[in-house]
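Data first, discussion second: the structure below is written as structure tokens.
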Amino acid sequence: MEQAVIGGAFAPAFSILCESARDAAEREALLDRVMGPKRKSKSSEKLRSGRLPAEGLAFVARDAGGRMIGSVRLWNVRLGNEGSSALLLGPLAVEKEFAGRGIGAALMRHAIAEARRLEHLAILLVGDAGYYGRFGFSADLTPALSMPGPYETNRFLALELTPGALLHASGTLYPTGRKAVVRSLVA
134 MEQAVIGGAF APAFSILCES ARDAAEREAL LDRVMGPKRK SKSSEKLRSG
184 RLPAEGLAFV ARDAGGRMIG SVRLWNVRLG NEGSSALLLG PLAVEKEFAG
234 RGIGAALMRH AIAEARRLEH LAILLVGDAG YYGRFGFSAD LTPALSMPGP
284 YETNRFLALE LTPGALLHAS GTLYPTGRKA VVRSLVA
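Counted the way the numbering used here counts, the sequence shown spans residues 134 to 320.
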């Protein structure tokens, strides 16, 4: 369990765990509450749709009572038509009542550390530079890259896990990795 001191007060104790198949409905409900109904229309969703998160890179935060209070996932992508592999982070979500208590930051640090341990080269995301900059993400690394659909270029950020990994990267991100199995309800 992690417990942080935020602004002189203790944040709730929580654990970061690998996401399991049992977490799907609870995670989707959390994302709906935190991100709203338009979350599935974002450009990042085009890269996630029909795919599974990168192996070993989907995490949930649970409070001391076992309630899911946060989630983050990373996805396999390719940088351009023949570019190298990278990860796309998102969405990162924390229950609104726990916002600002260090849970999102802990999920980010954990996800980055695991991606580095698994020897991935870089992580990209679309998000607030003010928030993600403290983890080393920057729009300076993405000028030659693009998302498949509308996005704000100043919010398209990257972090190199291996120095120079994005030096010659260019083109549009493409989804790679494991495809999700769609099960038919028809017998």
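From the three backbone atoms N, C-alpha and C, an ideal C-beta is built for every residue, glycine too. Quick caveat: nothing in here was measured; it's all calculated off a predicted structure.
Quick check on the DSSP output: the beta strand (DSSP E) that includes residue i runs from which residue to which?
i      : result
Met201 : 201-212
Val167 : Segment 157-168 is the alpha helix (DSSP H) holding Val167; no beta strand (DSSP E) there.
Ser148 : 147-151
Ala298 : Premise fails: Ala298 is in no beta strand (DSSP E) and is neither H nor E.
Glu293 : 289-293
Evaluate residue i with the Cβ neighbour count: other Cβ atoms within 10 Å of its Cβ, from every protein chain shown; 16 or more gives buried, anything less gives exposed.
i      : result
Gly140 : For Gly140, the pLDDT reaches just 47, beneath the cut-off of 50, and the residue's location in the model is therefore unreliable, although a value from the coordinates is still provided. Gly140 comes out exposed.
Glu230 : exposed
Val138 : Its pLDDT being 45, under 50, Val138 is placed unreliably by the model, and the measurement read from it follows with that caveat. Classification for Val138: exposed.
Gln136 : Per-residue confidence for Gln136 stands at a pLDDT of 49, beneath the threshold of 50, marking its modelled position as unreliable; the derived number appears in the next sentence. Exposed, since its Cβ has fewer than 16 Cβ neighbours within 10 Å.
Pro224 : buried
Gly310 : buried
Glu252 : exposed
Gly237 : buried
Pro276 : exposed
Asn214 : exposed
Pro296 : exposed
Leu306 : buried
Tell me which residue opens and which closes the alpha helix (DSSP H) that residue i is part of.
i      : result
Leu180 : 176-181
Provide the residue(s) that pair with residue i in DSSP beta bridges, ordered along the chain.
i      : result
Arg184 : Lys312
Ala191 : Arg206
field: Minimum length 4: unbroken alpha helix (DSSP H) runs contained in the region 219-283
entry: 236-250, 262-265
On the three-pair Cβ rule with 8 Å, is the region 281-296 touching the region 252-260?
yes
Checklist line | Stretch pair the region 156-166 + the region 193-209: three plus CB contacts closer than 8 Å | finding: yes
Quiz item: Three or more C-beta pairs closer than 8 Å, one from the region 178-194 and one from the region 266-275: is that the case here?
Solution: no
Do the region 167-185 and the region 150-158 meet, that is, are 3 or more Cβ pairs less than 8 Å apart? no
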